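Numbering (our numbering), first residue to last: -3 to 277.
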């Protein structure tokens, strides 16, 4: 008989996923990790019983947090990923042959180790790519101390609870901006605005003070329940105004095969519903 896992990230709303087979259950110094098999989503990773990624729908999240800034930039060679221990974000960033170097900073080595064993389809060889530099460190500390520069910085964090909380502060975002090359782009995951409006507002208040062009774009990921997810966007360049024709050319030159991202989706993702616009500071 199968069990169910109940995720109650929000105070008045929960979702449940059926556990067809529990594959991994272990507590690290930072959080409790589980991997289980689900009939719809394949393998599912949870941290403290909150869904982080799934074999079935991870492509939406990972494609939109990588391809949007990289293709909007047009000449990104150095990418920094904060978080992303499952390797999915590195997988998508490294699919761009024009990207010469990816630094990935993950606080929990346990997430990387078990993802290699239990979720290898998410990284799909990314951890073996010589362009990847994996750093086991606190993302906030790395950002504060680094003297490196990047064209794109992607914050693939958990929600602002526990270890992920420091990645949602004005100070962290200020350090991130300092680490951007001229024309560089910062993107962040900012939860589901219908359920987590304050999270988006607080991030964009910091972005408004830091960047000439700030805002967010959106995509719908089934297991991030409660509506479409928002991704923070900050840059001092003109990358957001890239034309559809230029995006189509860059996409063709990158020779990417995607399951969600298209140049048309890229442009449309910045069109915000009224309730989300009202969350902008």
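Quick reminder that beta carbons are idealized off the backbone N, C-alpha and C, glycines included. Because the structure is a prediction, the values reported are computed rather than measured.
- Three or more beta-carbon pairs drawn from the segment 71 to 81 and the segment 140 to 153 are found closer than 8 angstroms, and the two stretches are therefore classed as touching.
- Shown here, residue 64 sits in a helix according to DSSP, grouped into three states.
- Under DSSP, residue 191 shares a beta bridge with no residue.
- Residue 115 is positioned such that its CB atom lies no closer than 9 angstroms to that of residue 152.
- In the displayed model, residue 251 falls within coil according to three-state DSSP, outside both helix and strand.
- In the structure shown, residue 207 falls within a coil segment according to DSSP collapsed to helix, strand and coil.
- For residue 6, the enclosing beta strand (DSSP E) stretches over residues -1 to 6.
- One Cα belongs to residue 245, the other to residue 193, and the distance between them is close to 35 angstroms.
- DSSP, read as helix, strand or coil, puts residue 152 in strand.
- Straight through space, the alpha carbons of residue 4 and residue 180 are spaced by roughly 36 angstroms.
- A residue is called buried when at least 16 other Cβ atoms come within 10 angstroms of its Cβ; residue 240 does not meet this threshold and is exposed.
- Just so you know, the alpha carbons of residue 68 and residue 49 end up roughly 25 angstroms apart.
- DSSP places residue 180 in the strand class (E or B) of the three-state scheme.
- Judged by DSSP secondary structure, residue 97 falls within the beta strand (DSSP E) whose first and last residues are 97 to 102.
- Under the Cβ criterion (8 angstroms, minimum of three pairs), the segment 28 to 37 does not count as touching the segment 223 to 230.
- By the CB criterion at 9 angstroms, residue 111 and residue 41 fall inside the cutoff.
- DSSP places residue 109 inside the alpha helix (DSSP H), whose first and last residues are 105 to 114.
- A straight line joining the alpha-carbon of residue 214 with that of residue 18 spans about 32 angstroms.
- Here residue 147 carries a strand assignment [DSSP, helix/strand/coil].
- Pairwise C-beta distances place the segment 79 to 94 in contact with the segment 50 to 67, as three or more of them are shorter than 8 angstroms.
- Taking a C-beta distance under 9 angstroms as the contact criterion, residue 209 and residue 172 do not qualify as a contact pair.
- DSSP places residue 261 in the uninterrupted alpha helix (DSSP H) bounded by 259 to 264.
- Sorting 106, 124, 117 and 121 by C-alpha distance to the C-alpha of residue 132 places 106 at the top.
- Taking the Cα of residue 269 as reference, the smallest distance to any Cα among 28, 221 and 189 is reached at 189.
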